[in-house]
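In this note's numbering, the protein residues as written are 10 to 312.
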């Protein structure tokens with residue numbers, strides 16, 4: 010384990026849904042650390058289990074097996090009311106669709122302040138914290154009296170970010186925070202998140218299917234396929250030397266700005282049958298310092 014300050018530890022995480030006969034394991038044996046102050050990315054196609062991992066960390070989905078520790082304390086299963094309250098304060102989530110995640114019948118001041126209700130705070134203190142959160146994301150405090158439908162998509166996502174910031178969190182799970190936004194707005198939201206991270210010392214778990222976006226914002230990336238991490242590395246190493254065929258397939262799907270290159274690009278299609286795991290089981294291996302891949306001995310010999 011690195012000497013860096015680990016804020017989140019995930020070990021052998023399993024998340025399953027359904028009864029015994031129809032039980033589906035969405036996450037299978039996932040393990041990783043997130044260091045304080047970094048942006049750790051989880052990438053994969055739709056249905057890969059990346060959002061389920063994020064929701065298990067924030068305790069929306071219960072873990073069927075494994076361990077999740079926040080700042081060294083176990084947060085899976087039953088925990089004390091005091092720890093639960095701390096987790097609500099210190100871990101927040103920004104959701105994918107800002108329109109679906111905001112209550113259309115509530116005004117912005119209630120939406121942003123909802124997490125502060127019932128905590129013994131005075132009304133004036135709550136109002137001040139809402140104003141500060143809105144200002145932090147570039148919105149005017151007078152917007153607090155409006156409803157979500159009065160805002161653009163980018164502004165609604167800023168409201169979602171303000172709702173997370175008002176709790177003064179240390180760790181934020183950003184689940185596809187820009188995928189529902191226009192291309193012209195995406196860079197603004199990413200820049201805002203980077204600025205807030207520097208100002209407040211935030212740690213991000215950034216979930217996306219778009220590796221080109223993750224290259225811009227993430228320090229390290231874990232590639233998830235069918236509920237398993239198949240590769241984990243710092244961002245530039247992953248782009249420079251992708252080891253797993255699924256990672257290479259994701260990278261080949263990134264659009265190229267040069268039309269000639271894009272026209273002649275050959276897409277890689279990942280076929281799980283390329284592995285021979287029946288007799289030669291895959292193992293989690295550190296191929297280069299900090300660069301891990303799930304591969305069997307035959308595959309490792311070729312790297």
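Virtual Cβ for every residue (Gly too), placed ideally from N, Cα, C.
Treat the numbers as computed from the prediction; the structure is a model and nothing was measured.
Return the bridge partner residues of residue i from the DSSP annotation.
i: residue 50; result: 215, 230
i: residue 263; result: DSSP, once it has assigned bridges, lists no residue as partnering residue 263.
i: residue 44; result: 15
i: residue 25; result: 34
i: residue 302; result: 240, 294
i: residue 79; result: 17, 82
Suppose you measure from the CA of residue i to the CA of residue j; what does that come to, to the nearest Å?
i: residue 130; j: residue 248; result: 47 Å
i: residue 11; j: residue 298; result: Summary for residue 11: the model assigns pLDDT 47, below 50, so the residue's position carries little reliability; its value from the coordinates is reported in the next sentence. Roughly 11 Å between the two C-alpha positions.
i: residue 296; j: residue 306; result: 12 Å
i: residue 150; j: residue 179; result: 24 Å
i: residue 273; j: residue 280; result: 22 Å
i: residue 291; j: residue 253; result: 12 Å
i: residue 104; j: residue 77; result: 21 Å
i: residue 112; j: residue 190; result: 18 Å
i: residue 94; j: residue 312; result: 47 Å
i: residue 142; j: residue 171; result: 5 Å
i: residue 173; j: residue 210; result: 14 Å
i: residue 240; j: residue 259; result: 12 Å
i: residue 72; j: residue 20; result: 11 Å
Let's test the definition: count the other Cβ atoms within 10 Å of the Cβ of residue i and tell me whether it reaches 16, buried, or not, exposed.
i: residue 161; result: exposed
i: residue 55; result: exposed
i: residue 14; result: exposed
i: residue 276; result: exposed
i: residue 310; result: exposed
i: residue 146; result: buried
i: residue 50; result: buried
i: residue 133; result: exposed
i: residue 109; result: exposed
i: residue 30; result: exposed
i: residue 164; result: buried
i: residue 227; result: buried
Checking 8 Å against the spacing of the C-beta atoms, do residue i and residue j come in under that value?
i: residue 124; j: residue 176; result: yes
i: residue 242; j: residue 300; result: yes
i: residue 47; j: residue 212; result: yes
i: residue 96; j: residue 79; result: yes
i: residue 107; j: residue 169; result: yes
Counting beta carbon pairs with one atom in the segment 58-77 and one in the segment 171-186, are three or more of them shorter than 8 Å? Output reads yes: the segment 58-77 touches the segment 171-186.
If contact is defined by three or more beta carbon pairs under 8 Å, each pair taking one atom from either stretch, is the segment 255-266 in contact with the segment 210-226? When C-beta atoms of the segment 210-226 are compared with those of the segment 255-266, three or more pairs fall below 8 Å, so the two segments count as touching.
Would you check if there are 3 or more beta carbon pairs closer than 8 Å linking the segment 61-81 to the segment 34-50? Taking one beta carbon from each stretch, the segment 61-81 and the segment 34-50 have 3 or more pairs nearer than 8 Å; the two touch.
Between the segment 110-128 and the segment 189-200, are three or more C-beta pairs nearer than 8 Å? Judged by Cβ distances under 8 Å, the segment 110-128 makes no contact with the segment 189-200, as fewer than three pairs qualify.
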